[in-house]
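To start, the structure under review is shown below, and the notes come after it.
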Amino acid sequence: MKRDYLITLLSTQILMLVNLVSFKLVTLFLGEHGFALYNIGRRTISVLYPLMMMGIGISLVRNIAMTSIEEHHKRHQILFNAVIPILFVALFAIATVFFIPSVVATLLLGDGSLELLVLSIFIYVLGLSLCGLLQSFFRGRMQFVKTNLLGLFSGGLIPMSCILLFRTKIEHVYFAAGFTMISVFVVMYLSALDNAKIRGLYDASVLRTHLVYGLPRTPGDISFYMLLMVPSWWATHSYGLEVGGRVAFACTILNLFASAISPISFILLPKASAMFKNGKQAELKKLMIKLIMLSATVSVVGIIIIQLSIGTVIEFCLGKEYMGAVDLIRIVAIGTLPYSLFICLRSIVDAESTKPINSIICMISLGFMLSWDYLMQVLYNDSILLVVGLVISLYIVAILSIIVSLNALKNKPSVCT
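Using this note's numbering, read the sequence shown as starting at 10 and increasing by one per residue.
Structural data, given as C-alpha cells:
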C-alpha cells in the first residue's frame with residue numbers, strides 16, 4: 010500500500026501544481042472577469058460531475074475489486090454496463106441545455122446570458138465522467154499507475170493545454186477539453202477491452218447492481234460537492250460575479266490542498282472492500298487509526314502553511330488585484346482538517362455497506378449550511394460568513410464520519426451478504 014500511496018501522492022501533487030499554473034494562465038489571458046467565470050465553472054463542474062456519475066464510479070471500483078483475476082470477461086461486463094447510464098444522463102442533460110439554455114445558465118451560473126458556457130461545461134463534464142469510469146476500472150484492478158496517469162491528464166494537463174491553445178474565451182477551453190477527454194476515453198476503452206468479446210457485454214443484472222448501489226449515493230455526493238459550490242453560488246447572486254469568483258477560488262484552493270490526503274481514499278476503497286470480504290476488520294481498524302493520525306498531521310501542517318504564506322503566494326502567482334481572496338482562503342483553510350478526514354474515512358463506510366450512509370451525513374451537513382447562510386444573510390449580509398458556514402459544515406461531516414466508520418468496523422461485512 011505504501012508504494013501505491015507514494016505513486017498516487019506524487020500524481021496528486023503534480024496535478025495540484027498543474028492546476029495552479031492553469032489559474033495563472035487564466036489570469037494572464039482572460040483577466041479578472043475570465044478568472045471569475047473559470048472558477049465558478051469549476052465549482053459547477055464539481056457538482057455536475059457526481060450527478061452525471063450517479064455513484065457508479067464507486068460501484069465500479071468495489072465490484073471490480075471483488076472479482077478474481079480469472080474473471081476477465083466479468084470485469085469488462087462491469088465496465089461496459091457502467092458506461093450505459095452515464096451516456097443516457099449526459100444526452101438528457103445536453104438536450105435540456107439546448108431547449109432551455111438561459112434557464113439552465115441562470116440556475117447553475119447565476120446569469121442567463123452564459124448559455125454557451127453552460128453547454129461547454131456539460132460537454133466537459135461528460136468527458137470527465139467517461140475518463141472517471143476508466144480510472145475507476147483501473148483503480149479496482151489496483152493498477153494505480155494507469156489510474157494516476159489518466160487522472161493527471163484529464164484533471165490537469167488536458168485543461169491546461171486547452172487554456173494555452175484556446176485562450177480567447179473560457180467556453181472554447183471547456184469545449185476543447187471536453188471533446189479531448191471523450192476522444193481519450195474512446196481510445197483507452199477500446200484498448201482496455203483486450204481480447205474480451207464485445208458481444209455479450211451487456212448484462213441487465215450488472216447494470217441494475219450499479220444503479221442499486223450508486224443511485225442512493227448520488228444525493229450525498231451532490232450534497233458534499235454543493236458544500237463547496239453553494240457559498241460561491243450565493244455570493245454570485247448576492248454580491249456579483251467578481252465576489253462569487255473569489256469565494257469559488259477559495260473553495261478550489263481547499264480542494265487542492267486536500268489532495269495531499271485524497272490518495273489514501275483512492276487506494277483504500279478497493280483494499281477495504283477486499284479486507285471486509287475476508288473478515289479482516291480488526292486489521293482495518295488499526296489501519297484506520299493510523300490514517301486518521303496521518304490526515305490530522307498533514308492537515309494541521311497545511312493549515313499553518315496556508316495561514317503564513319497564502320498572501321505572498323497569491324500576490325506572486327496572480328497579482329495584487331486578487332489579494333481580496335486572501336482572507337477568504339485563510340478561513341476556508343481551517344476546513345482542510347475535517348475535509349481530509351472525511352475523504353479518508355468515507356471509503357471504509359462505502360466498502361462495508363451498500364447503504365448510502367455517507368450520503369445521509371452529507372445531506373445533514375448541507376442542510377445546516379443552507380440554514381446558516383440564509384440566517385447570516387438576513388442578519389449580517391457579509392460574504393465572509395458564507396465560508397464560515399462551510400467550515401462549520403465540514404466539521405459536522407468529519408465528526409459524523411468518525412462515528413459511522415468506527416461503527417462499520419464493529420459489524421459483519423455486508424459485502425459478503
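Don't be surprised by glycine CBs; every beta carbon is placed ideally from N, CA and C.
Tell me the DSSP secondary structure of residue i in three-state form.
| i | result |
| --- | --- |
| D212 | coil |
| T306 | helix |
| P365 | coil |
| K294 | helix |
| R355 | helix |
| Q152 | coil |
| L123 | coil |
| I319 | helix |
| D336 | helix |
| L327 | coil |
| Y198 | helix |
| K33 | helix |
| M75 | coil |
| Y389 | coil |
| L161 | helix |
| I109 | coil |
| R255 | helix |
| R176 | coil |
| G344 | coil |
| G288 | coil |
| G64 | coil |
| P422 | Caution applies to P422, whose pLDDT of 46 falls short of 50 and renders its modelled position unreliable; the value that the coordinates give is listed next. Three-state result, P422: coil. |
| G43 | helix |
| G249 | coil |
Should residue i go down as buried or exposed, given a rule of 16 or more other Cβ atoms within 10 Å for buried?
| i | result |
| --- | --- |
| V424 | At V424, the pLDDT of 42 sits below 50, so the modelled position is not reliable and the matter cannot be decided from this model. |
| C326 | exposed |
| I370 | buried |
| E330 | exposed |
| Y348 | buried |
| I109 | exposed |
| A45 | buried |
| Y383 | exposed |
| H219 | buried |
| G328 | exposed |
| Y58 | buried |
| Y234 | buried |
| V387 | exposed |
| L237 | buried |
| N157 | buried |
| M302 | exposed |
| I319 | buried |
| V310 | exposed |
| A74 | buried |
| H246 | exposed |
Between the Cα of residue i and those of the options, spot the shortest distance and give me the residue it belongs to.
| i | options | result |
| --- | --- | --- |
| G43 | L158, T177, T345 | T177 |
| R52 | L118, S304, L337 | L118 |
| F97 | N72, A45, T321, M62 | M62 |
| G66 | L26, L139, T17, N28 | L139 |
| S427 | N28, V154, T345 | In the structure as shown, the chain starts at 10 and stops at 426, and residue 427 therefore has no counterpart that could be examined. |
| N90 | F101, N72, A102, F107 | N72 |
| Y133 | F107, E180, T227, F153 | E180 |
| M25 | L354, L57, S380, L263 | L263 |
| Y222 | Q144, G320, N367 | N367 |
| S308 | T345, S318, V341 | T345 |
| G398 | L60, L88, N157, V341 | V341 |
| A186 | I172, Y198, L199 | I172 |
| I54 | P168, I87, K289, T76 | P168 |
| V56 | I401, L116, V35, S31 | L116 |
| C353 | I343, R339, K294, L388 | K294 |
| G165 | R150, T189, F146, S145 | T189 |
| D212 | S20, P94, V112 | P94 |
| V252 | E292, M332, S214, S31 | M332 |
| F146 | A104, G121, V92 | V92 |
| C225 | S20, T105, K33, G64 | In the sequence on display, residue 225 carries Pro and not Cys. The shortest C-alpha separation from P225 is found at G64. |
So, under 8 Å CB-CB, residue i and residue j are touching, yes? Tell me the CB distance rounded to an integer number of Å.
| i | j | result |
| --- | --- | --- |
| S129 | Y183 | 4 Å |
| L395 | A244 | 6 Å |
| R148 | V196 | Wrong, their Cβ atoms sit about 19 Å apart, outside the cutoff. |
| L123 | A114 | 5 Å |
| A407 | L350 | 4 Å |
| L137 | S163 | 6 Å |
| F377 | I315 | Contact doesn't hold; Cβ gap of about 24 Å is too wide. |
| L142 | L88 | 7 Å |
| F153 | I16 | 5 Å |
| W381 | I401 | 7 Å |
| Y198 | S392 | Actually they are not in contact, since the Cβ atoms of Y198 and S392 sit about 43 Å apart, beyond 8 Å. |
| S232 | I49 | No, S232 and I49 are not in contact; Cβ-Cβ is about 19 Å, not under 8 Å. |
| Q144 | L159 | 5 Å |
How about residue i: is its Cβ closer than 7 Å to a heavy atom in the ligand ZN?
| i | result |
| --- | --- |
| I87 | Absent from the structure shown: the ligand ZN. Ligands present: none. |
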